[in-house]
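Student:
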Amino acid sequence: GSLLPMEYAGVPARSPDGAPLPVSHILYAANKYIAGDCYSANKEFMACKANDANPAACLKEGERVRACVKAVLKSLDADCGAHLTAHSKCIFKNNNKFEMCRAEQAKVEECRPPPAGSRPEGAKY
112 GSLLPMEYAG
122 VPARSPDGAP
132 LPVSHILYAA
142 NKYIAGDCYS
152 ANKEFMACKA
162 NDANPAACLK
172 EGERVRACVK
182 AVLKSLDADC
192 GAHLTAHSKC
202 IFKNNNKFEM
212 CRAEQAKVEE
222 CRPPPAGSRP
232 EGAKY
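Numbered per this note's numbering, the sequence shown spans residues 112 to 236.
(1) Helix or strand or just coil, what does DSSP make of Arg223?
(2) Among the residues of its own chain, which have a CB less than 6 Å from the CB of Ser126, if the five just before and after it don't count?
(3) First and last residue of the alpha helix (DSSP H) that includes Ala167?
(4) May I have the straight-line CA-CA distance separating Ser186 from Val134, to the nearest angstrom?
(5) Bridge partners of Arg125, per DSSP?
(6) So is Leu195 buried or exposed if we call it buried at 16+ other beta carbons inside 10 Å?
(7) Which two residues bound the contiguous alpha helix (DSSP H) that contains Asn142?
(8) Is the beta carbon of Ala146 less than 9 Å from the beta carbon of Gln216?
(9) Taking 8 Å as the limit between beta carbons, can you name the residues of its chain near Arg223, skipping five residues before and five after?
(10) So what does DSSP say about Asn153, is it helix, strand or coil?
(11) Could you check whether Phe156 and Val183 sit closer than 9 Å to each other, using their CB atoms as the reference points?
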């Protein structure tokens, strides 16, 4: 772990405790892992939001999503930090265009295959 730089072009990438921050380029790089590992938490949060327009009503479910994403990022960084760094930097540099970063994505997926069911049929990410 700890291979992500503190920032790219002024955008912080790590929290003071060294964990990857859930900023867009890092979230995009880890999207398959988050989709698979946090599916239940995300589904519960979205169901809560659909049933209650009050933002405070779903804080508990939202916290579960946040904690799950943080755990996924920490684990993926610990196991595949250099590859996650290269992939997220590529995504950042190429304005979130996944197609420009397939080689870096493949390295992350070689390091740790994405969870089963993390890519819906026809998804292009």
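The C-beta atom is built at its ideal place from N, Cα and C for all residues, glycine as well.
This one's a predicted model, so the numbers in the text were calculated from it and none came from an experiment.
Tutor: Walking through what the data contain:
(1) Looking at Arg223 - three-state DSSP - the assignment turns out to be coil, as it is neither helix nor strand.
(2) Residues of the same chain with a CB within less than 6 Å of the CB of Ser126, apart from the 5 flanking positions on each side, are Leu132 in chain order.
(3) Careful: Ala167 lies outside any alpha helix (DSSP H) and carries neither H nor E.
(4) Pairing Ser186 with Val134, the inter-Cα distance amounts to about 16 Å.
(5) In the DSSP output, where bridge partners are listed per residue, Arg125 has Pro131.
(6) It is buried - the Cβ of Leu195 has at least 16 other Cβ atoms within 10 Å.
(7) Counted as a single uninterrupted DSSP element, the alpha helix (DSSP H) harbouring Asn142 occupies residues Asn142 to Asp148.
(8) Their beta carbons are not under 9 Å apart, which means Ala146 does not touch Gln216 by this criterion.
(9) By the criterion of a C-beta distance shorter than 8 Å, Arg223 is surrounded in its chain by Tyr144, Leu187, Asp190 and Cys191, once the five residues flanking it on both sides are discounted.
(10) Three-state DSSP puts Asn153 in a helix.
(11) Not a contact, by the Cβ cut-off of 9 Å.
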